């Protein structure tokens, strides 16, 4: 039977902490798909969806418009979605007009592995957990629900209710939800189901359950859905990349970031995939053929990439006014942003600038090293076409076509969408040869930060060290300044340290400071 599915998304997802600071919990990434996509995958292709929205509800609507433009979805705005008068029951009641028929209720943090029954009878699903204290529970006898118990009142033989139910007797369900007033608002669908239980039977189904609304279980669920050949994407709180039905969707909480990315996509045409859809916080493009270079790199392929890159990095001819603007952008991009990002690092990780030795080498403060740099020399960059995040995880190689495709390009270089510093791309390329995202995702690094000493280490792939040696020779042979390339890479590590998770951010800082000290001594 064709039916509707109610997926409530109005809540703030407070149990997940900072994970939902920039995004609705239904969009938390699980194996390069948002949670709500995993839910949609559990239902038939002809299922229709009813989605109450509140907290960051615009992101839910944007996502559906790009990911599922042909699916039938009904949105209902929930106001208030937090504070007095709010509650799961209220969110459900906001959708009553769309659900005058049997339907399935599915919490936006519930995933199961088995096929979900149709709502051609009343049913509730349960899982298995040792600690029942945080769950509503079911007493189940002979495959039927005997009693629905509130949190903290379950018995040792009770089963945790997983927020997944089929509601066949919808007319009676809505009647009970209205009659339940504040209790129904707070308890949600379980209130209406408890009242239905007085009228007749509710079948109980035991399913293999994954709860994505709890940090520890969310982590386990991500590990379950992770595939060996998945792209190595280091997660950021305010950005995401999703792969849905042959398309790639990029999310950012920054609307300017998205709009500039879309404009830059047109500028970099023939080198990057063509964007075929966008919204305020997201854009979409078809998945390109090929394998990420980090998984297929060889020295011959790397040499091909550098030859292509030489053409891609087309120099820009600037008049005096444009040159002054370019150097101003360089100064802001390198000097100003570095000082700001370093301050953010100290704030985010509760650290301060010090003279700790790093891997046994005595160091001055980072401020002293930064102040000693000839920033005018740094700002005299090499103006031209640029990518902005040029490393192997953002480059595909299609062996059949012998073709490269560039992904996840930077949205701007200071005030310019067209002209950036080629040295920044060179520095980014070197940074990816030193730090391998795949190995970082496997925690193949060490960082120990003591009062007077810092020790760090990271595992590297042999092929990447070979590529680094080849690259630095190529840099010199093609007229670029090796010292400036290494300085760029050091600044890149320092700039991104504040943006990554603990303890990876600490390792990036230590690596960046070490490299900067070594370059300053040349």
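Residue numbers (our numbering): 329 to 850.
Each residue gets a CB set at the ideal place from its N, CA and C atoms; glycine is no exception.
Just so we're clear, the structure is a prediction, and the values are computed from it rather than from any experiment.
Just so you know, the alpha carbons of residue 742 and residue 658 end up roughly 7 Å apart. Counting only residues of its own chain and dropping the five nearest sequence neighbours on each side, residue 685 has a CB closer than 8 Å to the CB of 691, 780, 781, 782.
In terms of Cβ geometry, residue 353 and residue 341 form a close pair [threshold 7 Å]. Taking C-beta atoms as the reference points, residue 843 and residue 773 fail to come closer than 7 Å. Residue 506: member of the alpha helix (DSSP H) spanning 498-507, first to last residue. Ranked by Cα distance from residue 564, the first of 394, 417, 356 is 356. Boundaries of the beta strand (DSSP E) harbouring residue 492: 487-495, taken from the DSSP string. If you draw a straight line from the Cα of residue 358 to the Cα of residue 538, it comes to about 11 Å.
Note on residue 626: under 16 other CB atoms within 10 angstroms of its CB, so exposed under the neighbour-count rule. Pairwise C-beta distances place the segment 409-418 out of contact with the segment 359-372, as fewer than three of them are shorter than 8 Å.
If you compare the alpha carbons of 726, 768, 329, 739 with that of residue 584, the shortest gap goes to 739. Listed in chain order, the non-local C-beta contacts of residue 437 below 7 Å within the same chain comprise 353, 363, 539, 540, 541, local neighbours out to five positions each way being set aside.
Listed in chain order, the non-local C-beta contacts of residue 419 below 6 Å within the same chain comprise 336, 338, 380, 406, local neighbours out to five positions each way being set aside. In this structure, the alpha-carbon of residue 468 lies about 44 Å from that of residue 581. Listed as beta-bridge partners of residue 577 by DSSP are 570, 612. About 6 Å separates the Cβ atoms of residue 697 and residue 845, confirming a contact at the 8 Å cut-off. By the criterion of a C-beta distance shorter than 6 Å, residue 706 is surrounded in its chain by 662, once the five residues flanking it on both sides are discounted. Boundaries for residue 535: no alpha helix (DSSP H) harbours it, and the DSSP string shows neither H nor E there.
About 16 Å separates the beta carbons of residue 402 and residue 495, which is beyond the 8 Å limit, so they are not a contact pair.
Under the DSSP assignment, residue 408 falls outside any alpha helix (DSSP H); it carries neither an H nor an E label.
Burial of residue 828 is indicated by the presence of at least 16 other C-beta atoms within 10 angstroms of its C-beta.
Here residue 691 carries a coil assignment [DSSP, helix/strand/coil].
Residue pairing by DSSP places residue 708 opposite no residue, since no beta bridge is assigned to it. About 19 Å separates the CB atoms of residue 439 and residue 378; that is not less than 8 Å, and the two are not in contact. Contact between residue 775 and residue 838 is confirmed by a C-beta separation of about 6 Å, below the 8 Å threshold. Straight through space, the alpha carbons of residue 758 and residue 850 are spaced by roughly 18 Å. When the Cα atoms are used, residue 639 and residue 831 turn out to be separated by approximately 38 Å.
For the pair residue 615 and residue 505, the Cα-to-Cα distance works out to about 45 Å. Pairing residue 747 with residue 644 gives a Cβ-Cβ distance under 7 Å. Ranking 623, 785, 744 by CA distance to the CA of residue 687 puts 785 first. Of the residues assessed, residue 549 falls on the buried side of the cut-off, its CB having 16 or more other CB atoms within 10 angstroms.
Counting along the chain, the unbroken alpha helix (DSSP H) around residue 549 starts and ends at 543-553.
Here residue 441 is exposed: its Cβ has fewer than 16 other Cβ atoms, across all protein chains shown, within 10 Å.
For the options 394, 480, 674, 483, the alpha carbon positioned closest to that of residue 607 is the one of 394. Looking at 416, 568, 824, 350, the one whose alpha-carbon comes closest to that of residue 435 is 416. Between the beta-carbon of residue 492 and that of residue 423 there is about 16 Å, and that puts the pair past the 8 Å contact cut.
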